[in-house]
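> Heads up: the sequence shown begins at 1 in full-length UniProt numbering, then just goes up one per residue.
Using N, Cα and C, we set each Cβ at its ideal position, and we do this for glycine too.
No experiment lies behind these values; they were computed from the predicted model shown.
Have a look at this one before I ask anything.
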Amino acid sequence: MAAISTHTILPIKPTQSSISNKGFLGGSGLFDLRKNELSKYRVSVSQQKLVISAIKDNNNASVSTPESSPSVGRSRVRRHTISVFVGDESGMINRIAGVFARRGYNIESLAVGLNKDKALFTIVVSGTDRVLQQVVEQLNKLVNVLKVEDLSSEPQVERELMLVKLNANESNRAEIMWLVDIFRAKIVDIAEDSLTIEVTGDPGKMVAVQRNFSKFGIKELATTGKIALRRERMGESAPFWRFSAASYPDLEGTMPIDSLSETTSKALEAQPNLTTGGDVYPTEPYDGFSMNQILDAHWGVLDNEDSAGLRSHTLSLLVNDCPGVLNIVTGIFSRRGYNIQSLAVGPAEKQGISRITTVVPGTDESIGKLVQQLYKLIDIHEVRDVTHMPFAERELMLIKIAVNAVARRDVLDIASIFRAKAVDVSDHTITLELTGDLDKMVALQRLLEPYGICEVARTGRLALVRESKVDSKYLRGYALPIDACS
């Protein structure tokens, strides 16, 4: 049946001459046309038999047919990592997600680092090289999009963050702790029947962790999208060579006088009030950047509740993993004028379900109305406002600093205080990985600013409710009860 359906002969409308000479209904014109098509079909079947017989006989001679056409090579579908640097404004997340949704792309993971006037998107999608090139061209046409890069074909440092809540009792807790030590994970919450674990690593490590932890029973799972920074090249041809004067205190004696005076004059023209005294050093101009493409430390300020009841709310959404869902969800926020301060999208504990963790400022009443609007969407399974619950929160940051052999030791000492890891080292840069809350990220970035920050990639906030019901915010400033110490 399949072979017949692929070679079905359709009735062909005769030309005007055939209608006039032989007639359309009673004449033999249509019959002759069908007979010709049938003969072509028989010839094609015989040609296919020749090809099959040639393959069976292991004949190396090529069998060619007069109607054969050369096969057109198609690029294979593969996973792409796209970095989009934009000027942050209301509705930007919705517009970028709409570019992928209108073309049928399913965003596998999304990580957004936000601040007051800039944003860095790290998006992972699957597709061919040709179609993805068209998507990159469409992204460049958006207003306030500064730079779009496809990092898939270049050496890169890639990391993900995962919070997983496991069923744990006295019988299997020792085995879980053993696996935590193997994967270099951390325990962030302990309850009587569960453990909440924080894991960072590349996508392969994340799959291995889930596979080994699944036998204990995963209660909840929250993952960020993948963030990536290009691995730095060695030598003076690298883009960040001599990027910061703070990391290279010996440049003053080695640089030519003409180039030094030219650099100083350019810096003074750009910032007339800038002085080189004290511990603050000017950054050398770099022609490869249209602006300073660094997300500063003051991003997405998460305010406490003010007198009007306005505060940052953390929402956790379970949605279907299908194309266009993120565009629909972010459209609800943009149409109602909500400002998204943090966003993290990744797979959930169930197959075909994704978890969206977002931070939105508003009052309890306005956020309650927003939750009701989200529940009206078809692809929404659950919406939880965990703001007033004790929850564990984590963020992930990759930061590249300009250093030489002299400044590298100082940067590593600062990193050890914050328990940051060095994930890439070159002769003029070092890349650090840091996990923690917002205050920890801001503190490290401020301390590293004098050395020269080349690039920064961040995820949004992940949040899981603490089963232990312990909230450190309410315990600050209170003495521990005597009964608890005994």
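Considering only the beta carbon of each residue, do Leu326 and Ala168 sit closer than 9 Å?
No.
> Helix, strand or coil: which one does DSSP assign to Gln133?
Looking at Gln133 - three-state DSSP - the assignment turns out to be helix.
> Would you list, in sequence order, the uninterrupted alpha helix (DSSP H) runs of no fewer than 4 residues that lie entirely inside the UniProt domain "ACT" (81 to 153)?
Qualifying alpha helix (DSSP H) stretches, in chain order: 92 to 102, 129 to 140.
> Looking at Ala344: is its Cβ nearer than 9 Å to the Cβ of Ala222?
Contact flag set, yes.
> Please state if the CB of Ile82 and the CB of Val112 are separated by a distance shorter than 9 Å.
Going by C-beta atoms, Val112 is not nearer than 9 Å to Ile82.
> Taking 8 Å as the limit between beta carbons, can you name the residues of its chain near Asn140, skipping five residues before and five after?
Around Asn140: Val148.
> Please return the same chain residues whose Cβ sits closer than 6 Å to the Cβ of Val423, not counting the five positions on each side in sequence.
The residues are Val157, Thr431, Glu433.
> With three or more C-beta pairs closer than 8 Å as the rule, is the segment 382 to 398 touching the segment 309 to 326?
Touching, per the Cβ criterion.
> What is the C-beta distance between Glu154 and Arg230, in whole angstroms, given that I count them as a contact (C-beta under 8 Å)?
Yes, they are in contact, since the Cβ atoms of Glu154 and Arg230 sit about 6 Å apart, within 8 Å.
> To the nearest angstrom, how far is the alpha carbon of Leu142 from that of Gly91?
Each residue's Cα considered, the two are about 12 Å apart.
> Starting from the Cα of Ala348, find the closest Cα among Lys376, Glu108, Val411, Phe418 and give me that residue.
For the residues Lys376, Glu108, Val411, Phe418, the minimum Cα distance to Ala348 belongs to Glu108.
> Counting pairs of beta carbons, one from the segment 170 to 186 and one from the segment 118 to 129, are three or more of them closer than 8 Å?
Touching, no, given that fewer than three Cβ pairs across the two stretches are closer than 8 Å.
> Taking the alpha-carbon of Gly368 as reference, which of Val145, Glu455, Leu310 has the nearest alpha-carbon?
Here the closest residue by C-alpha is Leu310.
> If contacts are defined as beta-carbon pairs under 8 Å, then Pro203 and Lys226 qualify, I think. What distance do you get, rounded to the angstrom?
Indeed they touch by this definition, with Cβ atoms about 6 Å apart.
> Tell me, please, which residues DSSP counts as bridged to Thr160.
In the sequence under discussion, the amino acid at residue 160 is Glu, which differs from the Thr named in the question. In the DSSP output, where bridge partners are listed per residue, Glu160 has Gly201.
> Return the CA-CA distance between Val199 and Trp178, expressed in angstroms with no decimal places.
Using only the alpha carbons, I get a separation of about 14 Å.
> Tell me the rounded alpha-carbon separation between Cys454 and Ile378.
Distance between the alpha carbons of Cys454 and Ile378 is about 43 Å.
> With distances taken between CB atoms, is the gap from Phe183 to Val135 smaller than 9 Å?
It is not a contact, given that the beta carbons lie outside the stated cut-off.
> Just how far apart, CA to CA, sit Ser366 and Arg408?
Roughly 48 Å separates the two Cα atoms.
> Identify the residues that DSSP records as bridge partners of Pro361: which are they?
Per DSSP, Ser312.
> Go ahead and label Arg461 buried or exposed: buried means 16 or more other beta carbons lie within 10 angstroms of its beta carbon, across all protein chains shown.
Flag for Arg461 reads buried.
> Ordered along the chain, which non-local residues of its own chain (more than five positions away) have a Cβ less than 7 Å from that of Ser342?
Leu114, Gly300, Thr358, Val359, Gly460, Arg461.
> Use the C-beta contact count for Tyr338: other C-beta atoms within 10 angstroms, 16 or more gives buried, fewer gives exposed.
Answer is buried; the Cβ neighbour count reaches 16.
> For Asn404, tell me which candidate among Ile417, Gly452, Ala392 has the shortest Cα-Cα distance.
The option with the nearest alpha carbon to Asn404 is Gly452.
> To the nearest angstrom, how far is it from the Cα of Gly104 to the Cα of Ile218?
Approximately 31 Å between the Cα atoms of the pair.
> What distance in whole Å lies between the Cβ atoms of Leu374 and Ile332, which are believed to be in contact at a cut-off of 8 Å?
That pair is a contact at about 6 Å.
> Buried or exposed: Asp437, going by 16 or more other Cβ atoms within 10 Å of its Cβ?
So Asp437 ends up on the exposed side.
> Between the Cα of Val207 and those of Ala420, Leu195, Arg159, Ile190, spot the shortest distance and give me the residue it belongs to.
For the residues Ala420, Leu195, Arg159, Ile190, the minimum Cα distance to Val207 belongs to Arg159.
> Is the distance from the Cβ of Arg355 to the Cβ of Gly362 below 9 Å?
Their beta carbons are not under 9 Å apart, which means Arg355 does not touch Gly362 by this criterion.
> For a test of the three-state rule: what should DSSP assign to Asn404, helix, strand or coil?
In this structure, Asn404 counts as coil in the three-state DSSP scheme.
> If we count the other Cβ atoms within 10 Å of its Cβ and call it buried at 16 or more, is Asp193 buried or exposed?
It is exposed - the Cβ of Asp193 has fewer than 16 other Cβ atoms within 10 Å.
> Thr435 and Glu395 look like a contact to me (Cβ under 8 Å); what is the Cβ gap, rounded to whole Å?
Correct: roughly 7 Å between the Cβ atoms.
> Please check the pair Leu163 and Val86, which I expect to be a contact at CB under 8 Å, by giving their CB distance rounded to whole angstroms.
The pair is not a contact, with the Cβ atoms about 27 Å apart (cut-off 8 Å).
> Where do the ends of the alpha helix (DSSP H) carrying Ile328 lie?
Looking at the DSSP string, the run of the alpha helix (DSSP H) that includes Ile328 is 325 to 335.
> Hey, could you find the ends of the beta strand (DSSP E) Ile227 is sitting in?
Element bounds for Ile227: 227 to 230.
> Determine, using beta carbons only, whether Thr196 and Leu151 come nearer to each other than 9 Å.
Not closer than 9 Å, so no.
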